[in-house]
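*Asks:* In mature numbering (1 follows the signal peptide of the UniProt record, and there is no 0), the protein residues as written are -22 to -1, 1 to 268. Backbone N, C-alpha and C fix where the C-beta goes; we use that ideal spot for every residue, glycine too. To start, I am sharing the structure in question, which I have written as structure tokens.
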């Protein structure tokens, strides 16, 4: 009797979902690479309780996106709350990378909602790469990676990638791009920025020169000065780096939007470094620009 009652209640719930959303949630989730994770996360999200007369694929993608974003935020919060002093130095550095990568993942997943097309595929793919980079940072040093997320975040991003890709295919794979001056730009690149990128002579706000003929001798100094000069502004800021070999590691925070850097051409303006796993660095730390 109890089993029958349970089955009846489940059927009633399924019919109610069909009535509210046009199709039961499990039907949408069953078409993703990780249906169980999809069902679990979407139903945990408050988004599923919003009133709607029907649920289209666009609506389902929005629910899945919001559930994935919630999971990314939670994973970042949990990682940030952990005391890094409990680790030795190599683990502490790898852990710091993971916290930074999770923060970047939150931004990438959030950004993918703005343009759910080819650009979203790029951002979500980068978010997937972040999870592997975090894990590899420990493995490269011969360390066991601590559990930051139980895998739901990675699998949910994979589901979101699959849904977004399916919608692109259904739409004929079309994604509007603007063609200007013989170049092909993504839709999100503003017309003014397209002209700036295509221009042969761009007016710079700061100049970096190894020989001291510019405003600063290092790129790192110029980036710090730019952040201070802008005072939180999102207006375009251009730094020109003159010809020379710059041995430094430049980190530009995500909050520093619309920073443009130009050089004197390939093999003229060169930024290089010598960090490697053998030297105790993770691959994530070896990039000269980050």
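Under DSSP, the beta strand (DSSP E) around residue 222 begins and ends at which residues?
*Replies:* The residue given as residue 222 occupies position 244 in the chain shown. Looking at the DSSP string, the run of the beta strand (DSSP E) that includes residue 222 is 222 to 225.
*Asks:* Is residue 46 near residue 103, with beta carbons less than 9 Å apart?
*Replies:* One-based indexing of the chain shown puts residue 46 at position 68. One-based indexing of the chain shown puts residue 103 at position 125. It is not a contact, given that the beta carbons lie outside the stated cut-off.
*Asks:* What does DSSP give as the partner residues of residue 185 in its beta bridges?
*Replies:* As a first step, residue 185 must be located in the chain shown, where it is residue number 207. The partner list for residue 185 (beta bridge, DSSP) reads 218.
*Asks:* Verify whether the separation of the beta carbon atoms of residue 11 and residue 137 is less than 9 Å.
*Replies:* Working through the chain shown from its first residue, we reach residue 11 at position 33. Working through the chain shown from its first residue, we reach residue 137 at position 159. Closer than 9 Å, so yes.
*Asks:* With H, G and I counted as helix, E and B as strand and the rest as coil, what does DSSP make of residue 116?
*Replies:* Numbered from 1 along the chain shown, position 138 holds the residue referred to as residue 116. The answer is helix: DSSP assigns residue 116 an H, G or I state.
*Asks:* State yes or no: is the C-beta of residue 90 within less than 9 Å of the C-beta of residue 43?
*Replies:* As a working mapping, residue 90 is identified with position 112 in the chain shown. As a working mapping, residue 43 is identified with position 65 in the chain shown. Taking 9 Å as the Cβ cut-off, residue 90 and residue 43 qualify as a contacting pair.
*Asks:* Can you list, in chain order, the stretches of the alpha helix (DSSP H) that have 4 or more residues and sit fully within the stretch 8 to 95?
*Replies:* 13 to 22, 35 to 59, 67 to 90
*Asks:* Which same chain residues, not among the five before or five after residue 267, have their C-beta less than 6 Å away from its C-beta?
*Replies:* The residue you call residue 267 lines up with position 289 of the chain shown. If we look at residue 267 and ignore the five residues flanking it on each side, its Cβ neighbours are 228.
*Asks:* Between which residues of its own chain and residue 145 is the CB-CB distance below 8 Å, once the five residues before and five after are set aside?
*Replies:* Here residue 145 refers to the residue found at position 167 when the chain shown is read from its first residue. Cβ within range, chain order: 35, 36, 39, 94.
*Asks:* For the 8 Å Cβ check, are there 3 or more pairs between the stretch 104 to 111 and the stretch 74 to 86?
*Replies:* The stretch 104 to 111 and the stretch 74 to 86 touch, with no fewer than 3 CB-CB distances between them shorter than 8 Å.
*Asks:* Suppose the cutoff is 6 Å on Cβ atoms and the five residues either side in sequence are ignored; what does the same chain contact list for residue 6 look like?
*Replies:* For the purposes of this step, residue 6 is identified with residue 28 of the chain shown, where counting begins at 1. Counting only Cβ-Cβ distances below 6 Å, and skipping sequence neighbours, we find 38.
*Asks:* Give the range of the alpha helix (DSSP H) segment to which residue 237 is assigned.
*Replies:* By one-based count along the chain shown, residue 237 stands at place 259. Run containing residue 237: none in the alpha helix (DSSP H); it sits in the beta strand (DSSP E), 237 to 240.
*Asks:* In chain order, what residues of the same chain lie with their CB nearer than 7 Å to the CB of residue 230, ignoring the 5 residues before and after it?
*Replies:* Taking the first residue of the chain shown as position 1, residue 230 is located at position 252. Within the same chain, residue 230 has close Cβ partners 201, 237.
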